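Down below is the structure, laid out as structure tokens.
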Amino acid sequence: MSGIGHVLSISDLLLIDNFKAAFGSDDKATLEKILYENGIDTEEPYTLEYSKHRNLRGNIVSCERFVGIERSDSSWLKSGASSWENIVANCDLDLRIQLMNMGKNYSNTAHIVSELERHAN
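Going by my numbering, the first residue of the sequence shown is number 160, and it counts up by one from there.
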């Protein structure tokens, strides 16, 4: 498995229409559609693990979560939901070098984001 790790807590997924029914009936096609729409690359292996963790809403929960690889397709990278690490890992080499140097020299997140937006178009 290569790429950026991505986890989705069952506690968050239960907020999505159709997830509870799909999970309860082991509807793999619907589950994979939901996982894909929420950032897991379903072409890569993923697992279901029970752990104590912080969900996307900031709550500490003990439940299962899906653990896999984050999608790296352009629609996910431009969605606003992709992780910073994933965006940097999947941009062209020149931009990656610029971003790494900016990270070493500045702590100006707004400048970094504007550079990403400029190169995304």
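Where is the CB? At the ideal position from N, CA and C, for every residue including glycine. Given the structure is predicted, the values throughout are model-derived calculations rather than measurements.
Leaving out the 5 sequence neighbours to the left and right, which residues in its chain are closer than 7 Å to residue 179 when beta-carbon positions are compared? Here the question's residue 179 lines up with position 20 in the sequence shown. The residues are 173.
Classify residue 230 as buried or exposed, calling it buried when 16 or more other Cβ atoms lie within 10 Å of its own Cβ. Within the sequence shown, residue 230 is the residue found at index 71, counting from 1. With 16 or more other Cβ atoms within 10 Å, it is buried.
Is DSSP giving residue 206 helix, strand or coil here? Residue 206 sits at position 47 when you count from the first residue of the sequence shown. Here residue 206 sits in strand by DSSP.
So, are the CB atoms of residue 201 and residue 194 less than 7 Å apart? For this step, residue 201 is matched to residue 42 along the sequence shown. For this step, residue 194 is matched to residue 35 along the sequence shown. Going by C-beta atoms, residue 201 is nearer than 7 Å to residue 194.
When the Cβ atoms of the region 203-218 are set against those of the region 236-253, are three or more pairs found closer than 8 Å? no
As assigned by DSSP and simplified to three states, the class of residue 277: Position 118 of the sequence shown, counted from the first residue, corresponds to residue 277. It is helical.
Beta-carbon proximity list for residue 188, same chain, < 6 Å, skipping 5 on both sides: Sequence index remark: in the sequence shown, residue 188 carries index 29 (1-based). Result list for residue 188: empty, nothing under 6 Å.
Residue 164 versus 177, 198, 171 and 175, residue with shortest Cα-Cα distance: Here residue 164 corresponds to residue number 5 of the sequence shown, with the count starting at 1. It is 198 whose Cα lies nearest to the Cα of residue 164.
Quick check: what's the CA-CA separation for residue 228 versus residue 162? Counting from one through the sequence shown, the residue named residue 228 turns up at place 69. Counting from one through the sequence shown, the residue named residue 162 turns up at place 3. Distance between the alpha carbons of residue 228 and residue 162: 6 Å.
Considering only the alpha carbon of each residue, which of 275, 221 and 260 lies closest to residue 238? Position 79 of the sequence shown, counted from the start, is the residue given in the question as residue 238. Nearest C-alpha to residue 238: 275.
Check whether residue 223 and residue 169 have beta carbons under 7 Å apart: Mapped onto the sequence shown, residue 223 falls at position 64. Mapped onto the sequence shown, residue 169 falls at position 10. Yes, Cβ-Cβ distance for residue 223 and residue 169 is below 7 Å.
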